[in-house]
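Residue numbers (our numbering): 16 to 284.
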């Protein structure tokens with residue numbers, strides 16, 4: 016008998032009725048979000064069921080190349096999502112963002128799997144590798160997206176100030192330093208705020224899942240501490256990486272601000 020209560024599809028369907036609360040608010044306030052909510056709820060169910068079926072297969076086979084293939088797919092989707100959230104783009108943004116997501120998430124997850132967990136021979140065990148990488152990617156793409164968006168918005172709005180500094184003889188770094196600092200700081204704020212209140216205001220998803228499955232609270236806490244530091248460091252590395260790569264794209268070696276490379280775009284709703 017498992018250490019948790021197994022849910023039937025009927026119980027899941029009953030929980031799905033909670034979306035009626037959102038629909039009721041939309042109708043009451045005439046938000047006209049009923050269609051969007053229905054689509055979002057349907058996609059949630061379909062996507063999670065499909066992922067569950069795939070993970071059942073991955074967990075069954077437990078082959079390193081299967082885990083790596085799934086990890087590559089997760090990382091690619093995270094990188095694309097981070098770009099699609101930005102209203103301003105430039106040539107090379109896809110490469111810079113995907114590289115930043117990939118490097119930061121895989122370096123940190125690899126360190127935890129090999130050094131912290133110490134499972135060198137079986138580092139690819141899907142019950143550890145996939146959930147850990149998934150949590151890191153989810154938070155890292157948010158930090159990267161926010162940092163990237165903040166940098167370009169700050170440079171566009173403050174273009175006059177940046178170009179004035181350059182005209183007065185400042186280097187490209189001196190002219191853009193405040194924008195870079197602001198972007199990195201903004202990208203890191205969400206994870207810092209989460210660390211401030213974790214355990215007191217909120218119980219993270221993985222910790223909650225471990226408690227529900229019957230794990231000792233202390234063991235669940237130990238895992239969550241590791242995860243919080245994983246997420247924090249990966250977010251910092253990814254945000255710094257994408258911001259610096261963007262800086263290199265928008266400022267050339269002659270200390271010129273290539274503002275014309277930034278173009279407006281409209282992310283999907």
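Cβ coordinates follow ideal geometry from the N, Cα and C atoms, glycine included. Just so you know, these numbers come straight off a predicted model, no measurement behind them.
- Task: Could you say if the region 154 to 170 and the region 90 to 110 meet the contact criterion of at least three C-beta pairs nearer than 8 Å?
- Result: These segments touch.
- On the DSSP bridge assignment, give the partners of residue 272 in chain order. Taking the chain shown and counting its residues from 1, one reaches residue 272 at position 257. Residue 272 pairs with 266.
- Can you check DSSP and say which residues form a bridge with residue 104? Here residue 104 is taken as the residue at index 89 of the chain shown, counted from 1. Beta-bridge analysis with DSSP links residue 104 to 278.
- Message: Here's the rule I'm using: 16 or more other beta-carbon atoms within 10 Å means buried, otherwise exposed. How should residue 170 be labelled?
- Response: Walking along the chain shown from the start, residue 170 turns up at place 155. Buried is the call here.
- Report yes if the C-beta distance between residue 174 and residue 274 is below 8 Å; otherwise report no. Residue 174 sits at position 159 when you count from the first residue of the chain shown. Residue 274 sits at position 259 when you count from the first residue of the chain shown. A contact, by the Cβ cut-off of 8 Å.
- Query: What is the C-beta distance between residue 116 and residue 108, in whole angstroms, given that I count them as a contact (C-beta under 8 Å)?
  - Reply: Within the chain shown, numbered from 1, the residue matching residue 116 stands at position 101. Within the chain shown, numbered from 1, the residue matching residue 108 stands at position 93. Under the criterion of beta carbons closer than 8 Å, residue 116 and residue 108 do not qualify as touching, at roughly 12 Å.
- Task: Kindly give me the distance between the Cβ atoms of residue 249 and residue 177, rounded to whole angstroms, as I take these residues to be in contact under 8 Å.
- Result: Taking the first residue of the chain shown as 1, we reach residue 249 at position 234. Taking the first residue of the chain shown as 1, we reach residue 177 at position 162. Their Cβ separation, rounded to whole angstroms, is 30 Å, which puts residue 249 and residue 177 out of contact at 8 Å.
- Query: If we ignore side chains and look at the alpha-carbon of each, how far apart do residue 224 and residue 44 end up?
  - Reply: In the chain shown, residue 224 corresponds to position 209, counting from 1. In the chain shown, residue 44 corresponds to position 29, counting from 1. Approximately 35 Å between the Cα atoms of the pair.
- Query: Helix, strand or coil: which one does DSSP assign to residue 185?
  - Reply: Counting from 1 along the chain shown, the entry for residue 185 is found at position 170. When DSSP states are grouped into helix, strand and coil, residue 185 belongs to the coil group.
- Query: Hey, how far is the Cα of residue 84 from the Cα of residue 23?
  - Reply: Here residue 84 refers to the residue found at position 69 of the chain shown. Here residue 23 refers to the residue found at position 8 of the chain shown. Straight-line spacing of the CA atoms in residue 84 and residue 23 works out to 30 Å.
- Please name the residue in 271, 280, 272, 254 whose C-alpha comes closest to that of residue 111. As a working note, residue 111 is residue 96 in the chain shown. The residue with the shortest Cα to Cα distance from residue 111 is 254.
- Message: For a test of the three-state rule: what should DSSP assign to residue 28, helix, strand or coil?
- Response: Looking up residue 28 in the chain shown gives position 13. Per DSSP, reduced to three states, the secondary structure at residue 28 is helical.
- Kindly indicate which three-state DSSP category residue 48 falls into: helix, strand or coil? Here residue 48 refers to the residue found at position 33 of the chain shown. Residue 48 falls in the coil class under three-state DSSP.
- Rounded separation between residue 28 and residue 190 - CA only: Sequence index remark: in the chain shown, residue 28 carries index 13 (1-based). Sequence index remark: in the chain shown, residue 190 carries index 175 (1-based). Rounded to the nearest angstrom, the two C-alpha atoms are 56 Å apart.
- Helix, strand or coil for residue 138, going by three-state DSSP, please let me know. Here the question's residue 138 lines up with position 123 in the chain shown. If DSSP states are grouped into helix, strand and coil, residue 138 belongs with coil.
- Message: Check for me: the alpha helix (DSSP H) holding residue 88 runs from which residue to which?
- Response: The sequence position of residue 88 within the chain shown is 73, counting from 1. Counting along the chain, the alpha helix (DSSP H) containing residue 88 begins and ends at 79 to 99.
- Item | For residue 241 and residue 127, believed in contact at Cβ under 8 Å, the rounded distance | Working through the chain shown from its first residue, we reach residue 127 at position 112. Working through the chain shown from its first residue, we reach residue 241 at position 226. Contact between residue 127 and residue 241 holds: their C-beta atoms lie close to 6 Å from each other, under 8 Å.
- Task: Go ahead and label residue 76 buried or exposed: buried means 16 or more other beta carbons lie within 10 angstroms of its beta carbon, across all protein chains shown.
- Result: Within the chain shown, residue 76 is the residue found at index 61, counting from 1. The Cβ neighbour count for residue 76, taken over all protein chains shown within 10 Å, is under 16; the residue is labelled exposed.
- Message: If contacts are defined as beta-carbon pairs under 8 Å, then residue 132 and residue 143 qualify, I think. What distance do you get, rounded to the angstrom?
- Response: Stepping through the chain shown from its first residue, residue 132 is reached at position 117. Stepping through the chain shown from its first residue, residue 143 is reached at position 128. About 7 Å separates the Cβ atoms of residue 132 and residue 143, confirming a contact at the 8 Å cut-off.
- Item | For residue 183 and residue 88, the rounded distance between their alpha carbons | Here residue 88 corresponds to residue number 73 of the chain shown, with the count starting at 1. Here residue 183 corresponds to residue number 168 of the chain shown, with the count starting at 1. Rounded to the nearest angstrom, the two C-alpha atoms are 47 Å apart.
- Item | Status (buried if at least 16 other CB within 10 Å, exposed otherwise) for residue 162 | Taking the chain shown and counting its residues from 1, one reaches residue 162 at position 147. Burial state of residue 162 is buried, judged by a 10 Å Cβ sphere holding 16 or more other Cβ atoms.
- Nearest-angstrom Cα separation, counted from residue 168 out to residue 145: Walking along the chain shown from the start, residue 145 turns up at place 130. Walking along the chain shown from the start, residue 168 turns up at place 153. Near 34 Å, if we compare the C-alpha coordinates of residue 168 and residue 145.
- If you draw a straight line from the alpha carbon of residue 119 to that of residue 42, how long is it in whole angstroms? Residue 119 sits at position 104 when you count from the first residue of the chain shown. Residue 42 sits at position 27 when you count from the first residue of the chain shown. Those two C-alpha atoms are separated by around 43 Å.
- Neighbourhood of residue 160 by C-beta, 7 Å cutoff - its chain only, sequence neighbours within 5 removed: As a first step, residue 160 is located in the chain shown; it is residue number 145 there, counting from the start. Taking residue 160 as the centre and dropping the five residues before and after it, the same chain places the C-beta of 97, 100, 101 closer than 7 Å to its C-beta, in chain order.
- Per DSSP, what kind of secondary structure is residue 176 in: helix, strand or coil? Against the chain shown, residue 176 aligns to sequence position 161. In the structure shown, residue 176 sits in a helix (DSSP, three-state: H, G or I).
- Task: Just the C-alpha distance for residue 35 and residue 53, rounded to the nearest angstrom, thanks.
- Result: Locating residue 35 in the chain shown gives position 20, where the first residue counts as 1. Locating residue 53 in the chain shown gives position 38, where the first residue counts as 1. Rounded to whole angstroms, residue 35 to residue 53 spans 10 Å at the Cα level.
- Selection from 38, 56, 57 that minimises the alpha carbon distance to residue 48: Mapped onto the chain shown, residue 48 falls at position 33. Taking only the C-alpha atoms, the option nearest residue 48 is 38.
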